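Residue numbers (the UniProt record's numbering), protein chains in the order written: chain A, 1 to 337; chain B, 1 to 337. Encoded as structure tokens, the structure appears first; notes follow it.
2 protein chains.
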Amino acid sequence: MALASTKRVRIYDVAQAAGVSIATASKALNDTGRMTEETRSRVKAAANSLGFRPNAMARALIQRRTFTVGLLTNDTYGRFTLPLMAGVSEQLVDHGVSVFLCSIEDDPALAKIHVDAMLDKQVDGIIASGKRIDRRLPVDLSQLDIPVVYAFTDGPEDAVTLVSDDYQGSMQAMQWLRELGRSRIVHVTGPQTFASVGERARAYHAVQGGDGLVMHGSWSEAWGHEAVARLWARKGDTPDAIFCGNDQIARGVVDALRERGLDVPGDVSVIGFDNWEIVAAATRPPLTTVDMNLKELGREAGRLVLALAEGKAVEPGVRKLPCQLVVRESCGGGLRS
Amino acid sequence: MALASTKRVRIYDVAQAAGVSIATASKALNDTGRMTEETRSRVKAAANSLGFRPNAMARALIQRRTFTVGLLTNDTYGRFTLPLMAGVSEQLVDHGVSVFLCSIEDDPALAKIHVDAMLDKQVDGIIASGKRIDRRLPVDLSQLDIPVVYAFTDGPEDAVTLVSDDYQGSMQAMQWLRELGRSRIVHVTGPQTFASVGERARAYHAVQGGDGLVMHGSWSEAWGHEAVARLWARKGDTPDAIFCGNDQIARGVVDALRERGLDVPGDVSVIGFDNWEIVAAATRPPLTTVDMNLKELGREAGRLVLALAEGKAVEPGVRKLPCQLVVRESCGGGLRS
Numbered sequence: 001m002a003l004a005s006t007k008r009v010r011i012y013d014v015a016q017a018a019g020v021s022i023a024t025a026s027k028a029l030n031d032t033g034r035m036t037e038e039t040r041s042r043v044k045a046a047a048n049s050l051g052f053r054p055n056a057m058a059r060a061l062i063q064r065r066t067f068t069v070g071l072l073t074n075d076t077y078g079r080f081t082l083p084l085m086a087g088v089s090e091q092l093v094d095h096g097v098s099v100f101l102c103s104i105e106d107d108p109a110l111a112k113i114h115v116d117a118m119l120d121k122q123v124d125g126i127i128a129s130g131k132r133i134d135r136r137l138p139v140d141l142s143q144l145d146i147p148v149v150y151a152f153t154d155g156p157e158d159a160v161t162l163v164s165d166d167y168q169g170s171m172q173a174m175q176w177l178r179e180l181g182r183s184r185i186v187h188v189t190g191p192q193t194f195a196s197v198g199e200r201a202r203a204y205h206a207v208q209g210g211d212g213l214v215m216h217g218s219w220s221e222a223w224g225h226e227a228v229a230r231l232w233a234r235k236g237d238t239p240d241a242i243f244c245g246n247d248q249i250a251r252g253v254v255d256a257l258r259e260r261g262l263d264v265p266g267d268v269s270v271i272g273f274d275n276w277e278i279v280a281a282a283t284r285p286p287l288t289t290v291d292m293n294l295k296e297l298g299r300e301a302g303r304l305v306l307a308l309a310e311g312k313a314v315e316p317g318v319r320k321l322p323c324q325l326v327v328r329e330s331c332g333g334g335l336r337s
Numbered sequence: 001m002a003l004a005s006t007k008r009v010r011i012y013d014v015a016q017a018a019g020v021s022i023a024t025a026s027k028a029l030n031d032t033g034r035m036t037e038e039t040r041s042r043v044k045a046a047a048n049s050l051g052f053r054p055n056a057m058a059r060a061l062i063q064r065r066t067f068t069v070g071l072l073t074n075d076t077y078g079r080f081t082l083p084l085m086a087g088v089s090e091q092l093v094d095h096g097v098s099v100f101l102c103s104i105e106d107d108p109a110l111a112k113i114h115v116d117a118m119l120d121k122q123v124d125g126i127i128a129s130g131k132r133i134d135r136r137l138p139v140d141l142s143q144l145d146i147p148v149v150y151a152f153t154d155g156p157e158d159a160v161t162l163v164s165d166d167y168q169g170s171m172q173a174m175q176w177l178r179e180l181g182r183s184r185i186v187h188v189t190g191p192q193t194f195a196s197v198g199e200r201a202r203a204y205h206a207v208q209g210g211d212g213l214v215m216h217g218s219w220s221e222a223w224g225h226e227a228v229a230r231l232w233a234r235k236g237d238t239p240d241a242i243f244c245g246n247d248q249i250a251r252g253v254v255d256a257l258r259e260r261g262l263d264v265p266g267d268v269s270v271i272g273f274d275n276w277e278i279v280a281a282a283t284r285p286p287l288t289t290v291d292m293n294l295k296e297l298g299r300e301a302g303r304l305v306l307a308l309a310e311g312k313a314v315e316p317g318v319r320k321l322p323c324q325l326v327v328r329e330s331c332g333g334g335l336r337s
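Encoded structure:
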């Protein structure tokens with residue numbers, strides 16, 4: 001870069017002169033971060049005496065300092081956290097920002113240790129993330145001096161919170177089944193205690209009508225098998241489509257239907273939820289399923305925490321990000337335009 | 001604790017007086033960490049003038065400072081990294097140590113950014129981790145001033161490296177099949193380019209003899225289906241046991257056998273590898289499989305990086321940690337004692 005060959009005083013020189021790290025020097029000059037007033041004054045004095053020009057700040061911030069964001073999660077299994085983290089990283093790495101992930105399980109003591117470590121290491125912001133959108137992490141982040149964004153977990157009322165739009169995603173799935181001419185659609189899903197289960201069922205009923213059938217069970221293949229056994233043991237019409245609450249249930253449903261000699265999608269269309277590649281792609285036939293776009297949700301969380309760290313205004317409240325139907329072979333119908 | 005109520009001068013007070021963080025104060029007094037000589041002298045002067053007693057150091061180090069370990073991984077899918085991270089965290093959290101995970105993909109530029117961030121934040125050690133034991137991360141950590149431990153990835157010759165013992169784990173699987181009276185055992189596994197595939201095949205041949213059949217393909221359910229189709233299309237004896245290179249292959253093998261009307265384990269015993277709970281437990285019947293004990297491997301990595309950070313001697317070289325056979329229902333035989 002042209003800049004590197006000039007004799008311009010850099011933030012690096014200021015940091016050296018003041019005996020602090022580049023990150024600390026940046027924060028001192030920017031009036032952000034946690035440090036003693038003595039340190040801040042010392043850095044400013046060094047900047048003055050060296051003739052460090054404030055209008056080099058913007059470039060310096062991006063090129064020289066180590067910006068870090070902490071990502072807290074209780075999703076130790078990682079199915080939701082890892083795509084989210086990939087999105088956060090992709091978004092921030094161009095700004096030279098590193099993402100540190102700490103796994104806190106559901107343990108308040110562990111959460112406190114990790115949050116303290118992040119504060120002590122002066123991360124520039126925290127993204128709090130979980131495995132369901134209606135549960136809070138076991139730690140109160142509302143009083144921190146650094147920005148916090150909540151992603152795929154419940155946040156305080158005045159916070160910036162990002163969740164997937166389960167209702168919209170489920171509407172896409174249901175409308176897709178309707179467009180394919182399916183009318184006897186059943187919804188086989190997870191436990192009623194999940195807010196996302198309620199949202200998905202609400203969309204199901206909006207399309208199928210109030211007398212549609214919602215069956216609750218565990219988030220497992222075994223429940224998919226059991227639900228098919230129950231449905232085909234009843235008197236009367238059998239379903240021509242099953243909208244499942246996750247891909248594991250859908251996998252069980254597809255296997256159970258095939259083992260009854262029924263053709264998927266010829267006799268019954270099946271849709272999953274999550275687009276968990278390793279399950280959805282290995283199902284025979286591969287699953288059409290709703291993708292929550294967690295990577296994009298992570299990117300948005302990265303954008304927002306960075307904006308907050310830079311002092312920009314961000315409207316608080318819950319933002320619902322759209323899901324997307326990923327069409328494979330379990331419903332019939334062609335590739336979606 | 002009794003300590004908290006005494007008027008003893010704490011590291012906290014020294015840090016306050018010197019205008020540095022607790023971590024920096026600890027490191028300054030301990031002659032570790034990266035900082036200017038001016039900072040180190042300032043901390044020591046503050047400690048002297050306050051009457052901070054060196055023999056309180058050991059307690060102070062544990063109780064007051066923020067010890068952090070960075071975990072680098074290119075396993076973005078997370079199947080291997082997450083249990084490893086859980087083990088590292090479990091081991092270190094009792095010492096008040098936080099673990100920061102950074103995902104570097106296979107991108108050298110990304111790796112450099114994250115390593116620089118970790119150094120800038122003065123982590124006390126780094127654990128480098130990957131998704132296979134015969135590949136290096138795209139970053140050279142051999143010249144760092146802080147300790148580095150390699151876990152489930154290839155490390156430099158003079159480094160401390162931890163890997164799972166694929167040979168021993170595979171011997172357990174093969175001997176288990178033999179004890180159950182199986183003799184026509186076939187090995188259906190992943191690509192030949194993986195060192196772990198070679199180790200597992202070596203154990204297979206040690207038990208089955210040189211003329212045993214090893215079939216290489218992808219790490220997928222689809223390959224399990226195809227391998228069964230090929231085996232049952234051949235002339236001559238069909239296998240009475242299939243030792244699979246991972247749980248996904250085993251899942252495909254079990255499904256394919258059932259669809260041919262064969263009973264697992266009555267007609268054919270099947271063993272997987274990885275003990276990937278979500279696959280192994282959902283297979284019908286649930287898979288007997290080899291667990292690489294990655295959580296224990298993580299614990300050991302945590303123990304060793306902490307020992308190195310505390311200045312203790314640790315013998316360099318590759319340590320192979322034992323795998324363990326987890327017995328479910330796909331082989332027959334009872335619970336293992």
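Glycine included, C-beta positions come from ideal geometry on N, C-alpha and C. Quantities reported herein were computed from a predicted structural model and do not represent experimental measurements.
Residues of its chain near residue i, where Cβ-Cβ distance is below 8 Å and the 5 sequence neighbours each way are ignored
| i | result |
| --- | --- |
| alanine 17 (chain A) | Ala46, Ser49, Leu50 |
| asparagine 293 (chain B) | Ser164, Leu321, Pro322, Cys323, Gln324 |
| glutamate 296 (chain A) | Gly87, Leu321 |
Nearest-angstrom Cα separation, counted from residue j out to residue i
| i | j | result |
| --- | --- | --- |
| valine 254 (chain B) | leucine 304 (chain B) | 40 Å |
| phenylalanine 152 (chain A) | leucine 84 (chain A) | 9 Å |
| histidine 95 (chain B) | valine 97 (chain A) | 28 Å |
| asparagine 30 (chain A) | valine 207 (chain A) | 53 Å |
| glycine 266 (chain B) | glycine 332 (chain B) | 7 Å |
| valine 115 (chain A) | valine 139 (chain A) | 9 Å |
| tryptophan 219 (chain B) | phenylalanine 243 (chain B) | 14 Å |
| threonine 81 (chain A) | arginine 284 (chain A) | 27 Å |
| lysine 235 (chain A) | leucine 262 (chain B) | 32 Å |
| threonine 189 (chain A) | valine 160 (chain B) | 47 Å |
| valine 314 (chain B) | aspartate 145 (chain B) | 16 Å |
Chain-ordered chain A contacts of residue i [CB-CB under 9 Å]
| i | result |
| --- | --- |
| phenylalanine 243 (chain B) | Within chain A, no residue comes near phenylalanine 243 (chain B); the closest Cβ sits about 21 Å away, beyond 9 Å. |
| threonine 189 (chain B) | Under the 9 Å cutoff, chain A gives no residues; its nearest Cβ is about 18 Å from threonine 189 (chain B). |
Sub-7 Å separation of residue i and residue j beta-carbons
| i | j | result |
| --- | --- | --- |
| threonine 68 (chain B) | phenylalanine 100 (chain B) | yes |
| serine 170 (chain A) | arginine 132 (chain A) | no |
| threonine 289 (chain B) | valine 326 (chain B) | yes |
| serine 330 (chain B) | valine 270 (chain B) | yes |
| glutamate 277 (chain B) | glutamine 248 (chain B) | no |
| valine 228 (chain B) | arginine 251 (chain B) | no |
| tyrosine 150 (chain A) | alanine 128 (chain A) | yes |
| proline 147 (chain A) | valine 186 (chain A) | no |
| arginine 258 (chain B) | leucine 287 (chain B) | no |
| aspartate 154 (chain A) | arginine 136 (chain A) | yes |
| arginine 40 (chain A) | alanine 28 (chain A) | yes |
| proline 225 (chain A) | glutamine 192 (chain A) | The question names proline, but residue 225 (chain A) in the sequence shown is histidine. The answer is no: Cβ separation not under 7 Å. |
| leucine 110 (chain A) | valine 93 (chain B) | yes |
Contact set for residue i: own chain, Cβ-Cβ below 7 Å, skip 5 residues either direction
| i | result |
| --- | --- |
| threonine 76 (chain A) | Ser103, Glu105 |
| leucine 90 (chain B) | In the sequence as presented, leucine is not what sits at residue 90 (chain B); that position holds glutamate. Here the set comprises Arg299. |
| alanine 25 (chain B) | Ile11, Val14, Ala15, Ala18, Val43 |
| alanine 301 (chain B) | Val88, Ile127, Val149, Ala151, Leu162 |
| alanine 195 (chain A) | Ile133, Asp134 |
Contacts of residue i in chain B (Cβ-Cβ under 9 Å)
| i | result |
| --- | --- |
| glycine 87 (chain A) | None at all; the shortest Cβ gap to chain B is about 11 Å. |
Chain B residues whose Cβ lies nearer than 7 Å to that of residue i
| i | result |
| --- | --- |
| glycine 19 (chain A) | Thr36, Glu38, Thr39 |
| serine 98 (chain A) | Cys102, Ile113, His114, Ala117 |
| residue 339 (chain A) | Within the shown structure, residues of chain A are numbered from 1 to 337, placing residue 339 (chain A) beyond reach of any answer. |
Contacts that residue i makes with chain B (C-beta to C-beta distance below 8 Å)
| i | result |
| --- | --- |
| valine 93 (chain A) | Leu110, Ile113 |
Same chain, Cβ closer than 6 Å to residue i, neighbours up to 5 away in sequence not counted
| i | result |
| --- | --- |
| alanine 241 (chain A) | Leu177, Arg182, Ile185, Ser269 |
| glycine 70 (chain B) | Phe100, Met118, Val123, Ile126 |
| aspartate 274 (chain A) | Asn246, Asp247 |
| valine 9 (chain B) | Leu50, Gly51, Phe52 |
| arginine 59 (chain A) | Interpretation of arginine 59 (chain A) is limited by its pLDDT of 42, a score under 50 that renders its predicted location unreliable; no figure is taken from the coordinates. |
| aspartate 211 (chain A) | none |
Beta-carbon neighbours of residue i, restricted to chain A and to distances below 8 Å
| i | result |
| --- | --- |
| threonine 76 (chain B) | Leu82, Ala86 |
| serine 220 (chain B) | Ala282 |
Residues that residue i contacts on chain A, provided the C-beta gap is smaller than 7 Å
| i | result |
| --- | --- |
| threonine 68 (chain B) | Ala117, Lys121 |
_beta strand (DSSP E) runs wholly inside the segment 248-307 of chain A, at least 3 long, in chain order_ = 269-273, 288-291
Exercise for the section: Any chance you could list the beta strand (DSSP E) runs of at least 3 consecutive residues sitting entirely within the segment 148-218 of chain A, in chain order? Expected result: 148-151, 160-164, 185-189, 213-216
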